[in-house]
Ligand code: ES4
Ligand code: ZN
């Protein structure tokens, strides 16, 4: 079988995925037209041509502009449906989906609209295709902790209605200058409520942010974490405790975290015994869905089929599925 076919056939979970980052330019234009929103780009092609980033911030500026076309429940449903269908085509059995409610509530979109739209697609795909998925509500770290806390409190009345889907919280957006310590109280609150905890750390920020996300926020998984290699003692701890890293190779390439994929540390960390997983992050912006990420790494880093199978297995093991559901895919 072809390498792409082999990868597609591996049962896998996607654990690091921003749903707003799955909006393809075609859908951005369709939703803008439907909602009467003017875009500063003449066409799908000129928008796509703008996807050349120098760092995380230059990407985030475009990503938040793209998300501004999401207004109605139908919009959130269409976006989520398109992603889940694409993920299923890659052999994804389970997806843990981050969303940024603050990007939408700041524009006057109701929290309920966001949840309801995503939930319709997620529940439909569970029923019709057996694809399971969960939601991780992610806080924007360039905003204040108080705003994060208000966002959590705003979502809490919906917890019961979406308790089959909403299992955890995350932390994303501009990392440098917005360390984990800034969010100790809101993570403490979410932990007390029984939510699962993740945070972006060590993407552009230093290894100390990974350590502090673990020690001060008590997160269970690190999103990215590639800077951990700069601190050998931390790296040893990640290996010993098997703390999952949700690595996003094509994202790191597009945002210039690594100059080329052959220099990416994913294979080194995997071969040290770290609980590494492969994910797409914002696939519409970074040039590939999860299968593309596996395939690009296989080529650039010389991953064997056994290593690719290990990465897929890690993704199931590192998921927030319960043990019985994990066993179906392990
Ligand atoms: C993100 Cl790649 C990345 N890093 C931090 N925050 C994000 N939000 C969406 N994509
Ligand atoms: Zn991310």
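Residue numbers (the working numbering): 3 to 332.
Even for Gly, the Cβ is constructed at its ideal location relative to N, Cα and C.
Closer than 7 Å to a non-hydrogen atom of ligand 1 - does that hold for the CB of residue 144?
Translated into the one-based positions of the chain shown, residue 144 becomes position 142. Flag unset: Cβ of residue 144 not near ligand 1.
Looking only at C-alpha atoms, which of 166, 88, 295, 25 sits nearest to residue 322?
On the chain shown, residue 322 is found 320 positions in, with the first residue counted as 1. Residue 322 has its Cα closest to that of 166, out of 166, 88, 295, 25.
Roughly how many angstroms lie between the CA atoms of residue 138 and residue 75, to the nearest whole one?
The residue labelled residue 138 in the question sits at position 136 within the chain shown. The residue labelled residue 75 in the question sits at position 73 within the chain shown. Using only the alpha carbons, I get a separation of about 18 Å.
For the candidate residues 39, 158, 58, 23, whose alpha-carbon lies nearest to that of residue 2?
Because the chain in this structure spans residues 3 to 332, residue 2 falls outside the shown range and cannot be described.
Is it true that the region 62-74 meets the region 34-49, where meeting means three or more beta-carbon pairs spaced less than 8 Å apart?
yes
Please list, in chain order, all residues of the same chain as residue 156 whose beta carbon is under 6 Å from its beta carbon, the five residues on each side excluded.
Indexing the chain shown from 1 puts residue 156 at position 154. Contacts found: 113.
With a threshold of 7 Å (Cβ to nearest heavy atom), would residue 257 be considered close to ligand 1?
The sequence position of residue 257 within the chain shown is 255, counting from 1. True, at least one ligand heavy atom lies under 7 Å from that Cβ.
Taking 7 Å as the line, does the beta carbon of residue 266 fall inside it for any heavy atom of ligand 2?
As a position in the chain shown, residue 266 is number 264, starting the count at 1. No, the beta carbon of residue 266 sits no closer than 7 Å to any heavy atom of ligand 2.
Given this structure, state the Cα-to-Cα distance separating residue 284 from residue 177, to the nearest angstrom.
Taking the chain shown and counting its residues from 1, one reaches residue 284 at position 282. Taking the chain shown and counting its residues from 1, one reaches residue 177 at position 175. Approximately 16 Å, taken between the alpha carbons.
Enumerate in chain order the residues of its own chain whose CB-to-CB distance from residue 57 is below 8 Å, with the five nearest sequence positions on each side excluded.
In the chain shown, residue 57 corresponds to position 55, counting from 1. Once the five neighbours on either side are set aside, the close Cβ partners of residue 57 are 206, 257, 258.
Is there at least one Cβ from chain B nearer than 8 Å to residue 304's Cβ?
No chain B is present in this structure, which holds just one protein chain.
In chain order, which beta strand (DSSP E) runs of at least 3 residues are fully inside the region 164-209?
168-174, 198-203
Taking 6 Å as the limit, tell me which residues put their C-beta closer than that to any heavy atom of ligand 2, in chain order.
18, 20, 174, 202, 225, 283
Excluding sequence positions up to five away, which residues of its chain have a Cβ less than 7 Å from the Cβ of residue 188?
The count along the chain shown starts at 1 and reaches residue 188 at position 186. Counting only Cβ-Cβ distances below 7 Å, and skipping sequence neighbours, we find 141, 147, 150, 151, 154.
Is the beta carbon of residue 225 sitting closer than 8 Å to the one on residue 172?
Walking along the chain shown from the start, residue 225 turns up at place 223. Walking along the chain shown from the start, residue 172 turns up at place 170. Their beta carbons are under 8 Å apart, which means residue 225 touches residue 172 by this criterion.
What residue from 86, 163, 277 has the CA that sits closest to residue 118's CA?
Taking the first residue of the chain shown as 1, we reach residue 118 at position 116. The shortest C-alpha separation from residue 118 is found at 163.
So the beta strand (DSSP E) residue 137 belongs to, where does it begin and stop?
For the purposes of this step, residue 137 is taken as the residue at position 135 of the chain shown. Element bounds for residue 137: 134-142.
Spatial neighbours of residue 20 within its chain, please: C-beta separation below 6 Å, excluding the five flanking residues on both sides.
Locating residue 20 in the chain shown gives position 18, counting from the first residue. 100, 284.
Give the DSSP bridge partners of residue 236, in chain order.
Within the chain shown, residue 236 is the residue found at index 234, counting from 1. None; residue 236 has no bridge partner.
Rounding to the nearest angstrom, what Cα-Cα distance links residue 122 and residue 106 in this structure?
Working through the chain shown from its first residue, we reach residue 122 at position 120. Working through the chain shown from its first residue, we reach residue 106 at position 104. The straight-line gap from Cα to Cα measures roughly 18 Å.
Who are the near neighbours of residue 274 in its chain, counting only those whose CB is closer than 8 Å to its CB and skipping five residues on each side?
Position 272 of the chain shown, counting from 1, holds the residue named residue 274. Correct list, in chain order: 237, 241.
Measure the beta-carbon distance from residue 210 to residue 62 and round it to whole angstroms, keeping in mind my assumption that it falls under 8 Å.
Reading the chain shown from its first residue, position 208 is the one you call residue 210. Reading the chain shown from its first residue, position 60 is the one you call residue 62. At roughly 22 Å, the Cβ-Cβ gap does not stay under 8 Å, so residue 210 and residue 62 are not in contact.
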